[in-house]
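A.B. asks: Protein chains in written order, with my numbering: chain A, 1 to 339; chain B, 1001 to 1339. To start, I am sharing the structure in question, which I have written as structure tokens.
Number of protein chains: 2
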Amino acid sequence: MTSDGARRLVLVGGNTATARIDGISAAGAAPEVMVHTPAADLEIVEYGRPVRAPVVPVSPTGCPTPAVVTRAVRELLGFETLAVDAGLARPTDAPTVATGATTGADVRDAEAVPDADAAFERGCALGRSLPDDALAVGETVPGGTTTALGVLTALGEQPSVSSSLSDNPLALKRRVVDAGLAASDLTAGDATGTPVAALRAVGDPVLAVAAGLTVGAAESGVDVLLAGGTQMAAAAALARHAGVKAPLSLATTSFVADDQSADVAGLAADLDVELTVTDPGFERLSHPATDAYVAGEAKEGVGMGGALALADRAGVPMADVRDRLVAVYDRLVDEPPAP
Amino acid sequence: MTSDGARRLVLVGGNTATARIDGISAAGAAPEVMVHTPAADLEIVEYGRPVRAPVVPVSPTGCPTPAVVTRAVRELLGFETLAVDAGLARPTDAPTVATGATTGADVRDAEAVPDADAAFERGCALGRSLPDDALAVGETVPGGTTTALGVLTALGEQPSVSSSLSDNPLALKRRVVDAGLAASDLTAGDATGTPVAALRAVGDPVLAVAAGLTVGAAESGVDVLLAGGTQMAAAAALARHAGVKAPLSLATTSFVADDQSADVAGLAADLDVELTVTDPGFERLSHPATDAYVAGEAKEGVGMGGALALADRAGVPMADVRDRLVAVYDRLVDEPPAP
């Protein structure tokens, strides 16, 4: 088996109109800058700071993007990364693999991902062709827990997801998903065994590509670690409904695991997915890079839980991760992107 | 100063119609597969083998692409790389930064690079925005020495370039360039001080982006190493004609330095560019990965000379580079890409 030091982290990024629904996402300081979040996240992981994107993504209260954590772990472990463009709405100077996927529509439209079939197939092809024995797969897509909820509901899986907000707007998400299902002439469970139908109706292009990647890689004998919370659990669900029987694992943060509204453990158990939870010990310091996580914000994203798990497996103490995270954050604050 | 271990290698790849001129290039086993060479080269550097590209680039006699050498050094040193799409004619699964540049026309057309201005400016912007203190810049573009000859001629610099063929078809290249200049209503030296005019008339999109990158980075105080032979010398010439006064260096292979038809040392001296020549000692083994270099083929490309210089500066013995090169090559032969 490949050691985790050789595991490539694939980050799939994109945008959707779903993220513009008021109150859905905290993946940006304000709606008009949230559109830059995935591009900025990919640049932070690649370069340590935004390069072309005009913002460092923060939540409305100032919580920095989990990309900072993933970058910190990458600096410590030196793993290879691969950014995949699954419908980015803004150009990025992070190098990306193109998929042809376009920005997702609103989940309440009749088709949330009109090109779901092509995006899923492109993900499969990429998953089959990458040379690695082990991959980790993460995401960056604002509004992604809502589309994950949509997909889980359409597949007939446990319809619960986490949130980047400390107070999960689950009732709002459920209303939005219900409207999306109705617009697609579906009810809960109607897409059982037809993952592309779930994606097309109420998913997002990032989930389509990430699920395809998982299917293509797992079917080629690659060890796939889903690096994230309930969104990546939804990717696992899509892979299971596509017929993947291979072992799959999900590595998330303690912040997601502690989110009672999400029940990620129950979801993982339902999907026969091994769950790893890593606690970065953020309560041990008081710093703007970590305080909001302790207060329940952000929680996960951009592969954070997977990166923490890789650090833990490599024997890197979480104190070192925290130190590096503070260093990456301080660099971001010292060298803000040009306006 | 940044140590060379922290120098990012930027590889600019693209295609042109010039490469289809019979007898111009050895960057492919045959004209119909040469179009895949830049995409395959970028994949070899990123992954160790082609992933989406259907071929391992070899010359008509079987000499493997210099990308194999650059990959070998990357495996030994672990430097970061960045692939830039400057008009790739075929899709690649190597992650790339988009530039908007399109595949170059034939140098004998009135405009070889109609969008030269935009490609050059995009290169400048990328060079200004990358966070690195030190960059190396290389290229992969079949037919690139002919367009380099075109640019050097138009700028009024020493009109001599190397070749991937053991017998440099310099007379053919000069006829082609003369036809290109005539089609553009230019004579030798007419583009002195106007690098974009030289690029538009008789250049290629890779040179446009690479020269822009050099200008943007050098003007931002970044230490720029041009990783290659006479093509990268042409990029240096374009940067000088754009007014760059900062120190520039060129790191090439002994195979280019020994090419009497090219006189890379004279060209570097004319341009006030510090020249580093690294000899990988290929004559010390007899192997299909190296024999053709000893016989005078390929010589350079895909950052090879720069990668060798970085290895040398890092104290890595050339014997280790050769061992790793053989290992990379053997993997390529054992796991050929799908047809």
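Note that beta-carbon positions come from the ideal geometry of N, C-alpha and C, so glycine has one too.
1. The region 28-48 of chain A: which residues have C-beta closer than 8 Å to a C-beta of chain B, in chain order?
2. According to DSSP, what are the bridge partners of R1008/B?
3. Note down the Cα distance separating R74/A from L170/A, rounded to an integer number of angstroms.
4. Can you tell me the Cα-Cα spacing of G1180/B and A1110/B, whole angstroms?
5. Using the beta-carbon of each residue, which ones in chain A are nearer than 9 Å to A1083/B?
6. When we look at the beta-carbon of D157/A and count the other beta-carbons within 10 Å, is it buried (16 or more) or exposed?
7. Could you run through the region 1124-1153 of chain B and flag, in chain order, every residue whose CB is less than 7 Å away from some CB of chain A?
8. Suppose contacts are defined by Cβ-Cβ distances below 7 Å. Is A1026/B in contact with L1165/B by that definition?
9. Going by C-alpha to C-alpha distance, which of L11/A, N15/A, A136/A and V68/A sits closest to A105/A?
10. At which residue ranges does the region 1269-1318 of chain B contain complete alpha helix (DSSP H) runs of 4 or more residues, listed in the order of the chain?
11. For R1324/B versus L1076/B, is the C-beta distance shorter than 7 Å?
12. With distances taken Cα to Cα, identify the nearest neighbour of D1093/B among R128/A, Y293/A, C63/A and A118/A.
13. Could you check which residue in G1296/B, L1238/B, G1203/B and R1071/B has the C-alpha nearest to that of S1261/B?
14. For V51/A, go through chain B and note every residue whose CB falls closer than 8 Å to its CB, in chain order.
15. Under three-state DSSP, which class holds P1064/B?
16. Candidates T65/A, A53/A and D41/A: which alpha carbon is nearest P299/A's?
17. Taking the DSSP output, what are the residues bridged to L1226/B?
18. Measuring CB to CB, does R83/A end up less than 7 Å from L42/A?
19. With burial defined as no fewer than 16 other Cβ atoms inside 10 Å of the residue's Cβ, what is the status of A201/A: buried or exposed?
20. Among M1318/B, T1147/B and V1224/B, which has the Cα closest to the Cα of E1274/B?
21. For the candidate residues S1254/B, F1255/B and L1238/B, whose alpha-carbon lies nearest to that of L1248/B?
22. Using CA atoms only, rank isn't needed, just tell me which of D1204/B, D1132/B, V1051/B and L1332/B is closest to S1220/B.
23. Considering only C-alpha positions, which residue in the set G1138/B, R1174/B, A1125/B and L1126/B is nearest to T1146/B?
24. Once the 5 residues before and after G1013/B are set aside, which same chain residues still bring their CB inside 6 Å of it?
25. Pull up the DSSP beta-bridge partners for A1083/B, would you.
26. Rounded C-beta distance between G100/A and R122/A? I'm assuming under 8 Å.
C.D. replies: Put simply:
1. The region 28-48 of chain A vs chain B, Cβ under 8 Å: Y47 and G48.
2. Locating residue 1008/B in the second sequence gives position 8, where the first residue counts as 1. L1135/B, per the DSSP bridge assignment.
3. Translated into the one-based positions of the first sequence, residue 74/A becomes position 74. Translated into the one-based positions of the first sequence, residue 170/A becomes position 170. For R74/A and L170/A, the distance between alpha carbons rounds to 32 Å.
4. Here residue 1180/B corresponds to residue number 180 of the second sequence, with the count starting at 1. Here residue 1110/B corresponds to residue number 110 of the second sequence, with the count starting at 1. When rounded, the separation of the alpha-carbon atoms in G1180/B and A1110/B is 7 Å.
5. Looking up residue 1083/B in the second sequence gives position 83. Simply P95.
6. Residue numbering aside, residue 157/A sits at position 157 when the first sequence is read from its first letter. A quick correction: the sequence has Glu, not Asp, at residue 157/A. Within a 10 Å sphere around the beta-carbon of E157/A sit 16 or more other beta-carbons, which makes this residue buried.
7. So the list reads L1126, S1129, L1130 and P1131, given in the order they occur along the chain.
8. Numbered from its first residue, the second sequence carries residue 1026/B at position 26. Numbered from its first residue, the second sequence carries residue 1165/B at position 165. Contact flag set, yes.
9. The sequence position of residue 105/A within the first sequence is 105, counting from 1. Nearest C-alpha to A105/A: N15/A.
10. Uninterrupted alpha helix (DSSP H) stretches at least 4 residues long and entirely within the region 1269-1318 of chain B occur at 1291-1294 and 1304-1313, given in chain order.
11. Indexing the second sequence from 1 puts residue 1324/B at position 324. Indexing the second sequence from 1 puts residue 1076/B at position 76. In contact: R1324/B and L1076/B (Cβ atoms closer than 7 Å).
12. Here residue 1093/B is taken as the residue at index 93 of the second sequence, counted from 1. Closest option to D1093/B, judged by alpha-carbon separation, among R128/A, Y293/A, C63/A and A118/A: R128/A.
13. Translated into the one-based positions of the second sequence, residue 1261/B becomes position 261. Comparing Cα-Cα distances from S1261/B to each of G1296/B, L1238/B, G1203/B and R1071/B, the minimum goes to G1296/B.
14. The residue labelled residue 51/A in the question sits at position 51 within the first sequence. In chain order: S1129, L1130 and P1131.
15. Residue mapping note: residue 1064/B aligns to position 64 of the second sequence, counting from 1. For P1064/B, the secondary structure class from DSSP, reduced to helix, strand or coil, is strand.
16. Position 299 of the first sequence, counted from the start, is the residue given in the question as residue 299/A. Correcting the residue identity first, residue 299/A is Lys in this sequence and not Pro. The shortest Cα separation from K299/A among T65/A, A53/A and D41/A belongs to T65/A.
17. To locate residue 1226/B, count along the second sequence from 1; it is residue 226. Assignment of beta-bridge partners to L1226/B by DSSP yields V1137/B and L1250/B.
18. For this step, residue 83/A is matched to residue 83 along the first sequence. For this step, residue 42/A is matched to residue 42 along the first sequence. According to the sequence as given, residue 83/A is Ala; it is not Arg. Against a cut-off of 7 Å, the Cβ pair of L42/A and A83/A comes out as a contact.
19. Taking the first sequence and counting its residues from 1, one reaches residue 201/A at position 201. Burial call: buried.
20. By 1-based counting over the second sequence, the position of residue 1274/B is 274. That would be V1224/B, whose Cα lies nearest to the Cα of E1274/B.
21. Here residue 1248/B refers to the residue found at position 248 when the second sequence is read from its first residue. Nearest of S1254/B, F1255/B and L1238/B to L1248/B, Cα basis: L1238/B.
22. In the second sequence, counting from the first residue as 1, residue 1220/B sits at position 220. When only C-alpha atoms are compared, the closest one is D1132/B.
23. On the second sequence, position 146 is the one that residue 1146/B refers to. It is R1174/B.
24. Indexing the second sequence from 1 puts residue 1013/B at position 13. Answer for G1013/B: P1038, L1042, L1088 and T1140, listed in chain order.
25. Indexing the second sequence from 1 puts residue 1083/B at position 83. Beta-bridge analysis with DSSP links A1083/B to L1011/B and T1096/B.
26. The residue given as residue 100/A occupies position 100 in the first sequence. The residue given as residue 122/A occupies position 122 in the first sequence. Sure, about 6 Å apart at Cβ, within 8 Å.
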